[in-house]
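What follows is a short report on a single structure.
Residue numbers (this note's numbering): 3 to 285.
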């Protein structure tokens, strides 16, 4: 039904759990495409032995390149972007499937599930911070009892977009490699395309191991790259455009340009000038 895209970087045991959860807890059959960065921990051999569709980078290319390369192999109408340290909870895909029934055939949109995490976040519920102390039984017994409503302005994974929409904006921007800041940048490109539906689904859930997949990477300054590219900060975009983390009330509208908007915009412009001057000095 969906093409599920999973970049991975020498994280085989978490990847195995992620794949197990998709097979165990999905209602529908999905195409799984894995982008392997390095894979010198046995990931390459494992995925080949299981006949998964894969793309490969000999060195760690990060999630932007990973998502782009793997999505190029996708054959389904909708793609789901995920990470290798996510455990997909029961009926995650049913919620997605029921949601997209509400949209027009060629509509552009961005929807996401909700991360359950062992710390203060969208949905806090501690079932273990690592693979070693993960309590799957506790999660499966309780996850559907946790209350959380649909929310506005998401840019998180697991996310679902039509493959045609992904192609229109060219996927993830690789200047953000290895990846920080690439999620809001992708949403900014969608906004400029005319997308106004950025909806987080409270009942489609994954358990997330606190960014295990990110810890071993050298990361970029995504906030600075976003600011210099768009002239506004990620924080400004989320607050005034996406209206992130507020209850979902329908498609977004243009930002309200009041005193707070212009005050926050001025701060963005000052930061932009500062970083521009700093960048020229470092040339």
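Note that beta-carbon positions come from the ideal geometry of N, C-alpha and C, so glycine has one too.
Where residue i falls: helix, strand or coil (DSSP)
| i | result |
| --- | --- |
| residue 234 | coil |
| residue 176 | helix |
| residue 201 | strand |
| residue 154 | strand |
| residue 242 | helix |
| residue 28 | coil |
| residue 147 | helix |
| residue 9 | strand |
| residue 164 | strand |
| residue 83 | strand |
| residue 186 | helix |
| residue 250 | coil |
| residue 208 | strand |
Cβ shell of residue i (< 7 Å), same chain only, five flanking positions each side left out
| i | result |
| --- | --- |
| residue 160 | 82, 83, 84, 88, 114, 115 and 208 |
| residue 190 | 232 and 239 |
| residue 227 | 177, 178 and 183 |
| residue 67 | 59, 176 and 179 |
Residue from the options with nearest C-alpha to residue i
| i | options | result |
| --- | --- | --- |
| residue 185 | 125, 163 and 205 | 163 |
| residue 192 | 150, 56, 221 and 171 | 171 |
| residue 1 | 58, 15 and 47 | Residue numbering for the chain in the displayed model covers 3 to 285; residue 1 lies beyond these limits and cannot be assessed. |
| residue 97 | 151, 48 and 51 | 151 |
| residue 43 | 16, 128, 25 and 26 | 16 |
| residue 255 | 279, 236, 203 and 194 | 194 |
| residue 222 | 66, 126 and 180 | 180 |
| residue 37 | 168, 7, 91 and 52 | 7 |
| residue 1 | 168, 144, 210 and 93 | Coverage of the chain is limited to positions 3 through 285, which leaves residue 1 absent and any answer about it impossible. |
| residue 79 | 265, 32 and 243 | 32 |
| residue 173 | 74, 280 and 47 | 74 |
| residue 169 | 72, 148 and 269 | 72 |
| residue 110 | 3, 18, 201 and 237 | 201 |
C-alpha gap between residue i and residue j, whole angstroms
| i | j | result |
| --- | --- | --- |
| residue 197 | residue 106 | 13 Å |
| residue 263 | residue 239 | 11 Å |
| residue 10 | residue 63 | 10 Å |
| residue 108 | residue 102 | 11 Å |
| residue 13 | residue 224 | 23 Å |
| residue 133 | residue 23 | 13 Å |
| residue 205 | residue 146 | 8 Å |
| residue 267 | residue 135 | 45 Å |
| residue 99 | residue 166 | 17 Å |
| residue 241 | residue 50 | 43 Å |
| residue 124 | residue 41 | 31 Å |
| residue 112 | residue 199 | 6 Å |
| residue 60 | residue 86 | 18 Å |
| residue 54 | residue 26 | 16 Å |
| residue 290 | residue 259 | No answer is possible for residue 290: it lies beyond the span of the chain, which begins at 3 and ends at 285. |
| residue 279 | residue 212 | 36 Å |
| residue 140 | residue 93 | 17 Å |
| residue 76 | residue 5 | 6 Å |
Beta-carbon contacts of residue i that lie in its chain and below 6 Å, excluding the five residues immediately before and after
| i | result |
| --- | --- |
| residue 95 | 28, 29 and 30 |
| residue 120 | 128 and 131 |
| residue 157 | 185, 186 and 189 |
| residue 274 | 229 and 233 |
| residue 154 | 245, 248 and 250 |
| residue 118 | 125, 127, 207 and 209 |
| residue 20 | 86 and 88 |
Residue i Cβ short of 8 Å to the ligand GTP heavy atom set
| i | result |
| --- | --- |
| residue 162 | Looking at this structure, you won't find the ligand GTP or any other ligand, since it has none at all. |
Contact set for residue i: own chain, Cβ-Cβ below 8 Å, skip 5 residues either direction
| i | result |
| --- | --- |
| residue 271 | 233 |
| residue 277 | 226, 229 and 230 |
| residue 203 | 97, 98, 101, 113, 114, 115, 116 and 152 |
Residue i at chain D interface by Cβ criterion, 9 Å
| i | result |
| --- | --- |
| residue 201 | The structure shown contains no chain D, having only a single protein chain. |
Going residue by residue through the segment 31-72, where are the continuous alpha helix (DSSP H) segments of at least 4 residues, counting only ones entirely within it? Correct list: 45-51.
Beta strand (DSSP E) runs contained entirely in the segment 97-138, provided each spans 3 or more residues: Counting whole runs of 3 or more residues, the segment 97-138 contains the beta strand (DSSP E) stretches 112-119.
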